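First residue of the sequence shown? That's 4 in my numbering, and the numbers climb one at a time after it.
Just so you know, even glycine gets a beta-carbon here, dropped at the ideal spot from N, CA and C.
A quick note: this is a predicted structure, and the numbers were derived from the prediction, not measured.
Inspection log for the structure reproduced underneath, given as structure tokens.
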Amino acid sequence: MEVIIKVKIDDTVLNRMRKGEYVQGSLHYDEFTGEKQFNAYVRKSRMPGYMPECKTLAELDNGWLKETKTLIIRREAFQKRIGTARIMAQMDLGNKQAKDTMIDRELIEFC
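Structure follows, in structure tokens:
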């Protein structure tokens, strides 16, 4: 037994399907029109340049300090087994290292 189902699809989705690309989305029944409708998920581009390029400013003891066009990113990771007191001490040390790196960067850049 064959069943023909009519589905409303946008032209952009149809073009992607004709190219052989996968199209993820949701298929649902539209109560107002009485037709099945496919809505493609709007995915963010994976083209080069989508993710901001990060420049590493410093390698810290437990992480790194990076810079993008608009952000300064500091990332650190600690093992739980060393205890809260040591983790807090290492956080302070990492914060001091990051601050020193930022100060050195400003001095080199503006002097």
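Next on the checklist: Can you confirm whether the stretch 25-40 touches the stretch 59-71 when touching is taken to mean that 3 or more C-beta pairs between the two stretches lie within less than 8 Å?
Outcome noted: no
Next on the checklist: Could you check whether Gly97 and Glu79 sit closer than 8 Å to each other, using their CB atoms as the reference points?
Outcome noted: yes
Checklist entry - What is the residue span of the alpha helix (DSSP H) that Ala61 lies within? => result From DSSP, Ala61 is part of no alpha helix (DSSP H) but of the beta strand (DSSP E) over Lys58 to Glu62.
Next on the checklist: Helix, strand or coil for Asp14? Go by DSSP, reduced to three states.
Outcome noted: helix
Checklist entry - Which residues mark the beginning and the end of the beta strand (DSSP E) in which Gln100 is found? => result Not the beta strand (DSSP E): Gln100 falls in the alpha helix (DSSP H), residues Thr87 to Phe113.
Next on the checklist: Can you list, in chain order, the residues of its chain with a C-beta nearer than 6 Å to that of Ala43? Leave out the 5 residues immediately preceding and following it.
Outcome noted: Val16, Val26 and Gly28
Item to check | Option in Ile75, Ile90 and Phe81 with minimal Cα separation from Lys102 | outcome: Ile75
Next on the checklist: Between Lys72 and Pro55, how many whole angstroms is the CB-CB distance? I'm expecting something under 8 Å.
Outcome noted: 6 Å
Checklist entry - If Phe41 and Lys11 are in contact, beta carbons under 8 Å, what's the gap, nearest whole angstrom? => result 7 Å
Checklist entry - Three-state secondary structure (DSSP) at Lys69? => result strand
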